[in-house]
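*Asks:* Take the sequence shown: its position 48, counted from the start at 1, is 416 in the working numbering, and no numbers get skipped. Before anything else, here's the structure in question.
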Amino acid sequence: MKSDTETDTMQSFTFNGNSFPTYQDMVNAKRKRNQDMLASSGLLEAKAAMDNAFLEEKRRLSTASTTRGLKRSSESKTQPSSDQTTLPRRKSSRLAGVSAPNIYIESEGLTGNIEFGGGDQDINRPSHYNNRVNDGSDLTIADAVELTGSKWVKEGTVESAEYFLTKTLPDIIDDSIPISSFKKKTNKESPTSVTSSGLDSPTSASAKKLLRSQIASLSVDDPDTCVAKVTPDRIYSVVCHPCPDKVIVCAGDKQGHLGIWNVDQYGCPTAESAVHPARPLSTSDGVHLFKPHSGSLSTMAWNNSGTSLLSSSYDGSVRAFDVEKQVFEEIFATYDDDDMYRDKLGFGTDNGYNSWIQSMELDHRFESGKCFFLSTSEGCVMHIDLRSRGKLTFNRTFSEKKINTVRSMRGLISPFERLTYYHSFHPNRSTLATAGLTGIVQLWDVRSIPSNLSKAPKPFAWQNLGGRSINSAFFSPSGKRLLTTTQSDKLQIFEDVQTKSGVIQPLRSIHHDNQTGRWLSTFMARWHTTLTGHEIFIVGSMTQPRCMEIFSHDAELMRAVRGDAMTAVASRCCFHSNANKLIVVGGSSSGRVTVAR
Numbered sequence: 369m370k371s372d373t374e375t376d377t378m379q380s381f382t383f384n385g386n387s388f389p390t391y392q393d394m395v396n397a398k399r400k401r402n403q404d405m406l407a408s409s410g411l412l413e414a415k416a417a418m419d420n421a422f423l424e425e426k427r428r429l430s431t432a433s434t435t436r437g438l439k440r441s442s443e444s445k446t447q448p449s450s451d452q453t454t455l456p457r458r459k460s461s462r463l464a465g466v467s468a469p470n471i472y473i474e475s476e477g478l479t480g481n482i483e484f485g486g487g488d489q490d491i492n493r494p495s496h497y498n499n500r501v502n503d504g505s506d507l508t509i510a511d512a513v514e515l516t517g518s519k520w521v522k523e524g525t526v527e528s529a530e531y532f533l534t535k536t537l538p539d540i541i542d543d544s545i546p547i548s549s550f551k552k553k554t555n556k557e558s559p560t561s562v563t564s565s566g567l568d569s570p571t572s573a574s575a576k577k578l579l580r581s582q583i584a585s586l587s588v589d590d591p592d593t594c595v596a597k598v599t600p601d602r603i604y605s606v607v608c609h610p611c612p613d614k615v616i617v618c619a620g621d622k623q624g625h626l627g628i629w630n631v632d633q634y635g636c637p638t639a640e641s642a643v644h645p646a647r648p649l650s651t652s653d654g655v656h657l658f659k660p661h662s663g664s665l666s667t668m669a670w671n672n673s674g675t676s677l678l679s680s681s682y683d684g685s686v687r688a689f690d691v692e693k694q695v696f697e698e699i700f701a702t703y704d705d706d707d708m709y710r711d712k713l714g715f716g717t718d719n720g721y722n723s724w725i726q727s728m729e730l731d732h733r734f735e736s737g738k739c740f741f742l743s744t745s746e747g748c749v750m751h752i753d754l755r756s757r758g759k760l761t762f763n764r765t766f767s768e769k770k771i772n773t774v775r776s777m778r779g780l781i782s783p784f785e786r787l788t789y790y791h792s793f794h795p796n797r798s799t800l801a802t803a804g805l806t807g808i809v810q811l812w813d814v815r816s817i818p819s820n821l822s823k824a825p826k827p828f829a830w831q832n833l834g835g836r837s838i839n840s841a842f843f844s845p846s847g848k849r850l851l852t853t854t855q856s857d858k859l860q861i862f863e864d865v866q867t868k869s870g871v872i873q874p875l876r877s878i879h880h881d882n883q884t885g886r887w888l889s890t891f892m893a894r895w896h897t898t899l900t901g902h903e904i905f906i907v908g909s910m911t912q913p914r915c916m917e918i919f920s921h922d923a924e925l926m927r928a929v930r931g932d933a934m935t936a937v938a939s940r941c942c943f944h945s946n947a948n949k950l951i952v953v954g955g956s957s958s959g960r961v962t963v964a965r
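Dropping the structure here:
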């Protein structure tokens with residue numbers, strides 16, 4: 369009988385005609401055979417090439433939106449110090465009896481980056497009412513650029529901005545037909561023109577087909593032409609210049625910056641290269657940054673002629689950039705009831721820390737662009753008339769909570785995220801819609817607002833939309849429909865509300881995720897402001913892949929506009945109202961603007 373040792377010694381393992389003394393040797397041989405087959409097949413090289421291509425595409429998409437637009441000045445970047453000195457041991461200022469420095473958090477980013485304000489850097493800075501950028505005097509173009517800080521101002525920045533606003537923009541306006549005639553313009557070179565191809569015909573089946581084809585043709589695939597960083601911080605408002613032949617996008621952000629992007633200027637020579645040939649071209653690619661306000665820039669609007677841009681801010685001021693005067697002029701500002709402000713138009717309209725201008729809209733009953741509505745964080749609606757010496761037509765409380773937006777007869781304004789009310793003015797020139805934190809949309813007849821301040825105005829129609837905040841409520845350009853965006857995750861469409869009284873009901877309701885969270889601006893569905901036949905509206909979306917959604921007036925989702933360049937949530941969206949083809953614009957929380965056309 370053989371022993372166990374002899375049995376183990378005689379056992380062998382065979383694979384592929386070869387014998388192996390141990391099982392592990394046979395496994396290793398199989399493993400080597402498989403590796404040799406895989407190497408000879410070329411699959412490893414193919415996989416490596418695919419992985420590299422995937423990583424390269426991922427890297428391209430992640431950095432595509434940062435290749436154009438604002439770039440920080442090289443002087444503002446922190447340089448690592450070569451001298452490593454030992455810092456003194458930290459001690460408690462409280463225990464030492466040292467008063468705390470006046471330091472506060474100026475901004476906090478999504479990634480956790482925190483910027484501080486105050487301290488020694490604010491000691492020599494002049495103090496203005498409500499921390500505004502100045503005492504209300506005019507800001508020149510150079511002043512508004514330099515207020516953005518050394519982080520964004522570099523060699524040639526001021527000259528480039530001055531050249532655009534003093535030469536390029538006036539030339540664009542001069543070459544255009546007056547805005548009042550844009551709708552009648554016939555562009556023979558653009559047979560698919562929104563304004564000249566019958567899209568505005570309410571009965572034309574071909575017009576609806578053409579509209580669908582234009583929506584289907586919208587492209588947002590090329591990051592180099594579709595996306596640019598226009599503002600440093602989160603975008604609160606976005607609007608297009610009304611010139612039909614150019615795409616000039618204006619965006620306002622959380623810190624009061626105003627960014628203007630001449631979309632088609634990419635790669636074009638700028639002022640500094642023309643005046644100083646030896647100086648390198650501007651790297652902003654048509655983006656110019658200004659700081660006319662110190663608080664969130666809540667609303668912007670161009671006047672009918674495209675010669676004046678009005679902007680309102682949480683700092684309580686309204687400024688107008690006049691193309692002819694070349695200054696940012698403060699045309700209205702809120703003040704408290706201190707006697708030193710008694711000669712100000714906004715005397716007594718600022719009631720304290722929680723008071724700010726939530727939204728603004730031009731009153732298009734007056735072509736001059738010198739009349740506008742304002743809504744505030746305290747539920748007040750004001751009408752300002754600057755045609756003669758300037759007067760506050762009315763200042764009435766329409767809600768006990770914030771009014772999110774205000775808008776006039778040709779369009780709608782944007783709401784925001786606190787106590788304010790929205791208001792939209794109907795094309796019949798008498799019906800005003802308000803909505804805000806109360807969750808109630810209300811309709812008012814401005815002709816019956818009592819002049820007696822002791823008598824409260826009363827709405828003639830209303831509807832409670834679920835108790836949660838209403839982000840916005842806009843009348844369509846025809847006035848037939850009222851569109852609301854709510855925090856109850858709904859887009860609701862009312863019809864002919866101006867003819868009704870009492871409780872009104874929405875005709876259509878769309879379930880839509882409106883929970884943007886802390887770091888994104890709220891959604892506000894907005895109409896195309898010149899299409900009255902086949903009315904459409906646009907709104908941002910939380911869905912993946914990122915997109916902007918276009919709906920028809922009968923609640924049909926016509927298209928979710930997405931592409932390689934669409935990498936972030938576009939919270940604030942709008943149409944170019946007078947373009948020769950359909951163009952949509954969206955602004956994100958990173959200060960980037962996406963243009964689809």
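Idealized CB from N, CA, C, for every residue including glycine. Given the structure is predicted, the values throughout are model-derived calculations rather than measurements.
Could you tell me if the beta carbon of His794 falls within a distance shorter than 6 Å of some heavy atom in the ligand SAM?
*Replies:* In terms of ligand content, the structure shown is empty, and the ligand SAM therefore cannot be addressed.
*Asks:* Straight-line CA distance for Glu924 to Ala841?
*Replies:* Taking the straight line from one Cα to the other gives about 19 Å.
*Asks:* Ordered along the chain, which non-local residues of its own chain (more than five positions away) have a Cβ less than 6 Å from that of Ala928?
*Replies:* The residues are Cys915, Glu917.
*Asks:* State buried or exposed for Lys738, treating a residue as buried only when at least 16 other CB atoms are found within 10 Å of its CB.
*Replies:* Classification of Lys738: buried, given that the 10 Å Cβ count is 16 or more.
*Asks:* Using CA coordinates, which residue listed in Ser409, Trp812, Asp543 is at the minimum distance from Arg797?
*Replies:* Answer by Cα proximity: Trp812.
*Asks:* Drop a sphere of 10 angstroms on the beta-carbon of Ser1016, count the other beta-carbons inside from all chains shown, and report buried for 16 or more, exposed for fewer.
*Replies:* Residue 1016 is absent from the structure shown; the chain starts at 369 and stops at 965.
*Asks:* Quick one: grab the DSSP three-state call for Gly955.
*Replies:* DSSP places Gly955 in strand when its eight states are reduced to three.
*Asks:* DSSP has Asn832 in a bridge; who is on the other side?
*Replies:* DSSP output for Asn832 lists Ile808 as bridge partner(s).
*Asks:* Excluding five sequence neighbours on each side, which residues of the same chain lie with their C-beta closer than 6 Å to the C-beta of His896?
*Replies:* Closer than 6 Å at Cβ, skipping near neighbours: Ile904, Phe943.
*Asks:* Could you tell me the alpha carbon to alpha carbon distance between Ile845 and Ser495, rounded to whole angstroms?
*Replies:* A small fix is needed here, since residue 845 is Pro in this sequence, not Ile. Using only the alpha carbons, I get a separation of about 43 Å.
*Asks:* Please confirm if the segment 689 to 706 is in contact with the segment 714 to 730, defined as three or more CB-CB distances below 8 Å between the two stretches.
*Replies:* Touching, yes.
*Asks:* Look up Ala726 in the DSSP assignment and say whether it is helix, strand or coil.
*Replies:* In the sequence as displayed, the identity of residue 726 is Gln instead of Ala. Residue state, collapsed to three classes: strand.
*Asks:* Taking 8 Å as the threshold, find out whether the segment 828 to 843 comes into contact with the segment 853 to 862 through three or more Cβ pairs.
*Replies:* Result yes; three or more Cβ-Cβ pairs closer than 8 Å.
*Asks:* Taking only three categories from DSSP, how would you classify Asn508?
*Replies:* Before going further, note that residue 508 is Thr rather than Asn in the sequence given. If DSSP states are grouped into helix, strand and coil, Thr508 belongs with the strands.
*Asks:* Can you name the residues that DSSP bridges to Arg876?
*Replies:* DSSP output for Arg876 lists Ile861 as bridge partner(s).
*Asks:* Assign Asp731 to one of two classes, buried (16 or more other C-beta atoms within 10 Å of its C-beta) or exposed (fewer than that).
*Replies:* It counts as buried.
*Asks:* Using alpha carbons as the reference points, say which of Lys415, Phe700, Leu533 lies closest to His751.
*Replies:* Of Lys415, Phe700, Leu533, the residue nearest in Cα terms is Phe700.
*Asks:* State whether the segment 611 to 629 contacts the segment 419 to 428, with contact taken as three or more CB pairs (one from each stretch) at a distance under 8 Å.
*Replies:* Counting Cβ pairs under 8 Å, fewer than three are found: no touch.
*Asks:* Mapping the DSSP letters down to three states, classify Val526 as helix, strand or coil.
*Replies:* Three-state result, Val526: helix.
*Asks:* In whole angstroms, what separates the C-alpha of Lys949 from that of Val871?
*Replies:* Those two C-alpha atoms are separated by around 39 Å.
*Asks:* Does the distance from the CB of Lys576 to the CB of His902 come in under 7 Å?
*Replies:* In contact: Lys576 and His902 (Cβ atoms closer than 7 Å).
*Asks:* Tell me the rounded alpha-carbon separation between Pro783 and Arg458.
*Replies:* Note that Pro783 scores 30 on pLDDT, short of 50, meaning its location in the model is unreliable and no value can be drawn from it.
*Asks:* Based on Cα-Cα distance, which residue from Ser441, Leu412, Val655 lies nearest to Gly959?
*Replies:* Nearest option by C-alpha distance: Val655.
*Asks:* Here's a check: name, in chain order, each residue in its chain whose Cβ is nearer than 6 Å to the Cβ of Ser544, leaving out the five neighbours to either side.
*Replies:* Excluding sequence neighbours, Ser544 sits near Cys611.
*Asks:* By the three-class DSSP mapping on this structure, what secondary structure does Gln379 have?
*Replies:* It is coil, neither helix nor strand.
*Asks:* Using the Cβ count rule (16 or more neighbours within 10 Å means buried), how would you classify Val963?
*Replies:* Val963 is buried by the Cβ-count criterion.
*Asks:* Locate the alpha helix (DSSP H) running through Leu406, then write down its first and last residues.
*Replies:* From DSSP, the alpha helix (DSSP H) with Leu406 extends over 391 to 409.
*Asks:* How about Asp753 and Thr765: do their beta carbons lie closer than 7 Å?
*Replies:* Contact: no.
*Asks:* Give, in chain order, every unbroken run of the beta strand (DSSP E) that is at least 3 residues long and sits entirely within the segment 702 to 759.
*Replies:* Segments of the beta strand (DSSP E) lying fully in the segment 702 to 759: 725 to 730, 739 to 744, 748 to 753.
*Asks:* Could you check whether Ser652 and Asp683 sit closer than 7 Å to each other, using their CB atoms as the reference points?
*Replies:* Their beta carbons are not under 7 Å apart, which means Asp683 does not touch Ser652 by this criterion.
*Asks:* Let me make sure I understand the geometry here. Which of Val501, Gln873, Ser528, Cys594 has the alpha-carbon closest to that of Ser685?
*Replies:* The residue with the shortest Cα to Cα distance from Ser685 is Val501.
*Asks:* So, using beta-carbon positions, are Arg436 and Ala596 closer together than 7 Å?
*Replies:* Yes; because the gap between Cβ atoms is below 7 Å, this pair is in contact.
*Asks:* Leaving out five residues on either side along the sequence, give the residues of the same chain with a beta carbon under 6 Å from the beta carbon of Pro913.
*Replies:* Excluding positions up to five away in sequence, the list reads Arg930.
*Asks:* Kindly list the residues whose CB is nearer than 8 Å to the CB of Ala646, restricted to its own chain and excluding five residues on each side of it in sequence; keep chain order.
*Replies:* Legend: pLDDT at Ala646 = 41, less than 50; position of this residue unreliable, value from coordinates given subsequently. There are no such residues.
*Asks:* Given a cut-off of 7 Å, decide if Gly804 and Ser756 are closer than it, judged by their beta-carbon atoms.
*Replies:* Result no, Cβ atoms of Ser756 and Gly804 do not sit closer than 7 Å.
*Asks:* At what residues does the beta strand (DSSP E) containing Ile603 begin and finish?
*Replies:* Ile603 -> beta strand (DSSP E) spans 603 to 608.
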